[in-house]
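Q: Using the UniProt record's numbering, the first residue of the sequence shown is number 1, and each one after it goes up by one. Would you mind keeping the following structure in view while I ask a few things?
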Amino acid sequence: MVTNKEKKKKCRKDDHRIKRKEKVLTETGFRKQGEAQPEKEENRNSKSSVRRNSGRVTGCKNSSEEEVPGLRAWEMLLIVLVIYSAWICPFEFAFLTYKHDTLFIINNIVAGFFAVDSILTFFVAYFDSRTCELVDAPKKIAVRYIASWFIFDVCSTAPLQSLSLLFTDHSGGLGFKVLNMLRLWRLRRVGSLFARLEKDIRFNYFWIRCTKLIAVTLFATHCAGCFNYLIADRYQHPERTWIGAVMPNFKQQSLWDRYVTAMYWSITTLTTTGYGDLHAQNTREMLFDIFYMFFNLGLTAYLIGNMTNLVVHGTSRTRNFRDTIRIASEFAARNQLDPHIQDQMLSHICLKFKTDGLKHQETLHSLPKAIRSSIANYLFFPIVQNAYLFQGVSNEVLFQLASEMEAEYFPAKEDVVQQNEAPTDLYIIVSGAVVSELNIDPMKNGRDQVSTISTNMDRTMYRKRNFSIPECTIRVHGTAVAGEMFGEMGVLCSKPQPLTVRTTALSQILRLNKTSLMNIIQANMEDGNIIMNNLVTKLKGGIERLGLGEYGSDREVRNLTNKRVIIHMFFRKESTSQEELGKLIILPGSLEELLRIGGKNLKEYLTKYLKVKEE
């Protein structure tokens with residue numbers, strides 16, 4: 001027997017085990033479903049920071065961007081300033097001398113904006129890829145920023161030109177110019193911008209990639225032209241430089257002429273055009289040209305690879321379509337298919353290519369069931385609701401039926417359903433029209449129905465009665481337009497499809513799988529009965545219309561199409577011959593009528609049998 005002391009000890013062990021598991025879950029970033037994470041005091045103080053800056057985590061528009069509309073505006077302002085810095089830094093490094101002028105004031109103002117952004121970075125939450133959590137603790141944010149990019153941001157923002165003027169009274173030295181080139185560190189923001197825009201669904205991916213490639217090319221040519229001019233400007237013999245050979249007094253030329261000449265050399269060298277009018281004249285320029293050529297190899301490969309990828313991706317769909325057409329044509333020629341069948345194959349492939357953007361079945365199937373159901377109901381619910389077969393059905397069942405619908409497109413003169421094929425789907429016409437065709441052989445008399453006599457016996461009996469037997473096939477035509485359906489008889493009755501259905505124009509048709517429909521009916525018996533009653537009502541109306549048609553008014557033809565069966569009288573525990581008790585009758589339309597006819601025709605056999613039993 002367990003004592004109270006042992007019970008308490010066991011409870012303490014269980015509590016310790018539970019707490020240990022919760023600790024492990026907490027450290028790994030997992031929580032129980034519905035359990036809130038413990039909120040620290042520092043998290044409470046920085047909730048506003050999370051709401052303000054969580055838009056940096058994803059590239060898509062979310063609620064945080066709507067709450068803080070100025071966040072993206074601030075980032076775009078910094079991007080404009082980065083573009084200015086990317087152009088002015090190499091240009092100022094090669095062509096200008098630092099002095100107190102308008103450009104000096106503009107540079108300090110730009111540096112002030114980036115200094116403010118560096119301060120704000122201490123309050124911006126970041127996404128930890130190791131724990132997959134959004135970190136908003138100020139201490140952790142500060143430690144991470146200081147340990148990563150803080151030093152580089154300070155160097156790229158510091159007013160080195162003002163400091164040089166303060167301590168040396170001049171700022172034209174090459175060393176200070178090199179230090180000012182640290183402002184190019186701000187370009188990492190442009191890389192982050194393009195990475196975010198490529199994932200932003202509001203912008204076209206193709207044009208974002210092209211803009212990025214153009215920006216990289218322009219920046220590379222700008223920097224190369226500026227650096228090459230700097231080498232010529234600093235060389236002790238100006239006439240023995242690449243620009244001095246064609247412009248001996250190039251330093252007296254206007255700034256615009258010198259910059260255009262430098263860009264001309266850079267672009268012709270980058271594109272490997274090289275007319276030979278501007279070329280290296282000394283060892284320094286030759287070394288720079290060598291490294292620039294190596295850089296051009298990598299840049300050209302990068303540009304060509306990206307452009308090829310974009311072009312191939314844009315034309316891959318058309319190429320696959322052409323390959324499919326070629327394979328289908330070769331298949332039809334190899335197997336000597338009928339031209340009508342070959343035309344149907346090619347028409348279906350062409351229509352599938354044209355309507356692929358309207359279907360996107362692979363994309364829809366990758367979505368969760370709830371989203372797919374919402375999309376299907378938004379598109380198909382009114383159509384399913386107006387179908388005759390589902391009149392009076394509850395909205396819950398209509399919702400389930402619409403969720404299982406799939407849209408298909410069929411070109412003109414294509415068979416959607418073949419007569420006597422296995423029933424697999426039910427169809428509802430959304431747009432277009434179809435024609436149905438029923439091929440009836442009078443000599444077969446509905447071979448799929450239950451009968452105890454063969455076709456040969458039919459022919460013999462008809463000949464004995466001197467009936468004329470038509471040898472041709474009877475074709476019954478009908479049309480269906482938008483809102484109507486077909487294939488329901490074969491699906492609900494589990495019989496081969498009784499009609500051949502062919503489109504007469506480009507048609508959009510909803511397809512409902514038989515298995516899905518039967519599962520819904522079995523789960524909702526009352527609605528299933530309503531569906532079956534709607535089908536019976538439709539069939540009765542069709543039979544009445546056929547009775548007034550061209551063939552129904554001819555009694556001889558109507559008799560030919562009536563079903564004749566042999567009925568028998570069976571007795572338990574008696575070996576009575578079925579041939580003696582069989583009677584040939586015309587199959588009536590109801591079970592009550594069949595019993596009445598059977599009792600009337602088999603009455604004499606029953607009387608004879610009773611007399612034999614009495615004897």
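Virtual Cβ for every residue (Gly too), placed ideally from N, Cα, C. These numbers were taken from a predicted model, which means no experiment stands behind them.
(1) How about L103: is its C-beta nearer than 9 Å to some C-beta of chain B?
(2) Count the other CB atoms, across all protein chains shown, that sit within 10 Å of the CB of N228; report buried if there are 16 or more and exposed otherwise.
(3) Is the separation between the beta-carbon of I231 and that of F291 shorter than 9 Å?
(4) Any contact of the segment 399 to 408 with the segment 376 to 383, i.e. 3+ C-beta pairs under 8 Å?
(5) For K251, which of R240, D233, A195 and I267 has the nearest alpha-carbon?
(6) Counting Cβ pairs closer than 8 Å, one from the segment 523 to 539 and one from the segment 378 to 396, do we hit at least three?
(7) In angstroms, rounded to a whole number, what distance separates the CA positions of A328 and K514?
(8) Express the C-alpha separation of L398 and I521 in angstroms, rounding to a whole number.
(9) Could you pull out every unbroken beta strand (DSSP E) segment of at least 3 residues lying fully inside the segment 111 to 183, listed in chain order?
(10) Could you tell me the alpha carbon to alpha carbon distance between L310 and Q419, rounded to whole angstroms?
(11) If I follow the unbroken beta strand (DSSP E) through Y427, where does it start and stop?
(12) Using a Cβ-Cβ cutoff of less than 8 Å, which residues in the same chain neighbour K538 once the five nearest sequence positions on both sides are dropped?
(13) Three-state secondary structure (DSSP) at T97?
(14) Going by alpha carbons, who is nearest to W74 out of I106, F91 and V116?
(15) To which residues does DSSP link K413 through a beta bridge?
(16) How long is the line joining the alpha carbons of A523 and L492, rounded to whole angstroms?
(17) Identify the continuous beta strand (DSSP E) that holds T503 and give its terminal residues.
(18) Could you round the C-beta distance between F122 and A142 to whole angstroms and report it? I think they count as a contact, below 8 Å.
(19) For the pair the segment 212 to 225 and the segment 261 to 279, tell me if three or more CB-CB distances fall below 8 Å.
(20) In the DSSP output, what is M485 paired with across the bridge?
(21) Near S494, which residues of its chain fall below 8 Å by C-beta distance, leaving aside the five closest residues on each side in sequence?
(22) Roughly how many angstroms separate the alpha carbons of K352 and A332, rounded to a whole number?
(23) Let's see if you can read the secondary structure: which residues bound the alpha helix (DSSP H) around I383?
(24) By Cβ distance, which residues of its chain are closer than 6 Å to V501, with the 5 residues on each side in sequence left out?
(25) On the CB-based measure, 16 or more other CB atoms within 10 Å of its CB, does K177 come out buried or exposed?
(26) Does the segment 178 to 195 touch the segment 233 to 246, meaning 3 or more C-beta pairs lie closer than 8 Å?
(27) Rounded to the nearest angstrom, how far is the Cβ of residue 631 from that of E488, given a contact under 8 Å?
(28) I need the straight-line Cα distance from V110 to L81, nearest angstrom please.
(29) Spatial neighbours of N204 within its chain, please: C-beta separation below 6 Å, excluding the five flanking residues on both sides.
(30) Between I428 and I509, which are expected to be in contact by the criterion C-beta below 8 Å, what is the C-beta distance as a whole number of angstroms?
(31) In terms of alpha-carbon separation, which member of N180, L512 and L303 lies closest to F381?
(32) Thinking C-beta only, is R130 closer than 9 Å to S156?
(33) Where DSSP assigns a beta bridge to N513, which residues make up the other side?
(34) Beta-carbon separation of F410 and T479 under 9 Å?
(35) For a test of the three-state rule: what should DSSP assign to E526, helix, strand or coil?
(36) Quick check: what's the CA-CA separation for M457 versus R564?
A: The answer reads as follows:
(1) This model lacks chain B altogether; it includes just one protein chain.
(2) Burial call: buried.
(3) 9 Å or more divides the Cβ of I231 from the Cβ of F291.
(4) Short answer: they touch.
(5) Put simply, of R240, D233, A195 and I267 the residue whose alpha carbon is nearest the alpha carbon of K251 is D233.
(6) A contact is defined here as three or more CB-CB pairs under 8 Å, and the segment 523 to 539 meets this definition with respect to the segment 378 to 396.
(7) Cα to Cα, the separation comes out at about 29 Å.
(8) In a straight line, the C-alpha of I521 is about 11 Å away from that of L398.
(9) If you keep only unbroken beta strand (DSSP E) runs of at least 3 residues inside the segment 111 to 183, you get 126 to 128 and 133 to 135.
(10) Each residue's Cα considered, the two are about 47 Å apart.
(11) That run of the beta strand (DSSP E) goes D425 to S431.
(12) Answer for K538: Y388 and L389, listed in chain order.
(13) Coil.
(14) For W74, the nearest C-alpha among the options comes from V116.
(15) Answer is none; K413 lacks a bridge partner.
(16) As the crow flies, the alpha-carbon of A523 is around 15 Å from that of L492.
(17) Run containing T503: T500 to T503, per the beta strand (DSSP E) assignment.
(18) At roughly 5 Å, the Cβ-Cβ gap stays under 8 Å, so F122 and A142 are in contact.
(19) Two segments are said to touch when three or more pairs of C-beta atoms, one from each, lie closer than 8 Å; by this definition the segment 212 to 225 touches the segment 261 to 279.
(20) In the DSSP assignment, M485 forms a beta bridge with I428.
(21) Here the set comprises P423.
(22) For K352 and A332, the gap between their C-alpha atoms comes out near 18 Å.
(23) Secondary structure note for I383: its alpha helix (DSSP H) is the uninterrupted segment K369 to N386.
(24) Excluding its 5 nearest sequence neighbours in each direction, V501 has C-beta neighbours in its own chain below 6 Å: V416, V417, V434, S436 and F486, listed in chain order.
(25) Answer is buried; the Cβ neighbour count reaches 16.
(26) By the Cβ rule, the segment 233 to 246 does not count as touching the segment 178 to 195, because fewer than three pairs are nearer than 8 Å.
(27) Residue 631 lies beyond the stretch modelled for the chain, which goes from 1 to 615, so this question has no answer here.
(28) Here the alpha carbon of V110 sits roughly 7 Å from the alpha carbon of L81.
(29) So no residue of the chain qualifies.
(30) A Cβ-Cβ distance of about 7 Å is found for the pair I428 and I509, placing them in contact under the 8 Å criterion.
(31) L512 is the residue among N180, L512 and L303 whose C-alpha sits nearest the C-alpha of F381.
(32) No, the Cβ-Cβ distance between S156 and R130 is not below 9 Å.
(33) N513 pairs with D425.
(34) By the CB criterion at 9 Å, F410 and T479 fall outside the cutoff.
(35) Three-state DSSP puts E526 in a helix.
(36) Only weak support exists for where M457 lies, its pLDDT of 34 falling under 50; the coordinates are left without a value.
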